[in-house]
Amino acid sequence: MKQEKDQAPQQETPEEQAAPQQEQAAAQEVSEDRRELEKLQAEFEAHKEQHLRVLAEYDNFRKRTAAEKTSLYNNAVADTVKEILPIADNIQRALSQENASAEDMKKGVEMIESQIEACFEKLGLEAMGEVGEKFDPNFHNAVAHIDDESLGENVIAAVYQKGYKLGDRVVRHAMVQVAN
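Given below as structure tokens:
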């Protein structure tokens, strides 16, 4: 009987039969998880590279914008100075005259004033604050007050210093005396 036992093929238990299948399924699941992990890592790296590219583009944009802003400012200043230089030249010429009469000097200063007004007009600078205008605190700075029945209420009676505006922006408020 003992021999029969040794000779008979051993039958595997159902647990032993299922073990290789379970190992194979577990290995397949690990392989799928690994592929999914690699896929996610590749996506992460692609997004990271895209993010770094966007950051670099933004930094370049910021630098380029700052350089353009500086360039525009410098060009505006240069254009303004270019318009004022002939006036400065005429003032120097007038001051270098040794034998000029008072009448000639007055005429020269009047010519320089008209040149300044033409320059301001070309630059878009507009004078504000004329006698008889209605007082507006947005454009005028009242430094004195008088009572004058011949003038209306809140009317500019005298201008001590002209004001100027460039478009809608006030460059300098007019210094005025207001009546009533």
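For the sequence shown, the positions run 1 to 180 when full-length UniProt numbering is used.
We treat Cβ as the ideally placed atom computed from N, Cα and C, and that holds for glycine.
Under the three-state DSSP convention, the category residue i falls into
| i | result |
| --- | --- |
| A174 | strand |
| K69 | helix |
| N141 | strand |
| E23 | helix |
| Q97 | coil |
| M1 | With a pLDDT of 48 at M1, under the threshold of 50, the predicted position of this residue should be treated as unreliable, and no value is reported. |
C-beta contact flag for residue i and residue j at 9 Å
| i | j | result |
| --- | --- | --- |
| G124 | G167 | yes |
| L81 | A94 | With the sequence shown as reference, residue 81 is identified as Val, and Leu is not the correct amino acid for it. No. |
| V171 | G129 | no |
| I112 | I91 | yes |
| E149 | N99 | no |
| P86 | Q115 | yes |
| Q97 | D89 | no |
| E126 | K165 | yes |
Outcome for residue i when other beta-carbon atoms lying within 10 angstroms are tallied against a minimum of 16
| i | result |
| --- | --- |
| I156 | buried |
| F135 | buried |
| G163 | buried |
| residue 181 | There is simply no residue 181 to check, as the chain begins at 1 and stops at 180 in what is shown. |
| A102 | exposed |
| H145 | exposed |
| A174 | buried |
| M1 | Any answer about M1 is weak, because its pLDDT of 48 lies below 50 and its placement is not dependable; what the coordinates show is given next. M1 should be labelled exposed. |
| H51 | exposed |
| H140 | buried |
First and last residue of the uninterrupted alpha helix (DSSP H) at residue i
| i | result |
| --- | --- |
| V109 | A102 to L123 |
Per DSSP, the bridge partner or partners of residue i
| i | result |
| --- | --- |
| R169 | L166 |
| K134 | V155 |
| Q161 | M175 |
| A127 | Y164 |
| I146 | A179 |
Run of the beta strand (DSSP E) containing residue i, from where it starts to where it stops
| i | result |
| --- | --- |
| N154 | First-last for N154: undefined, no H or E at that position. |
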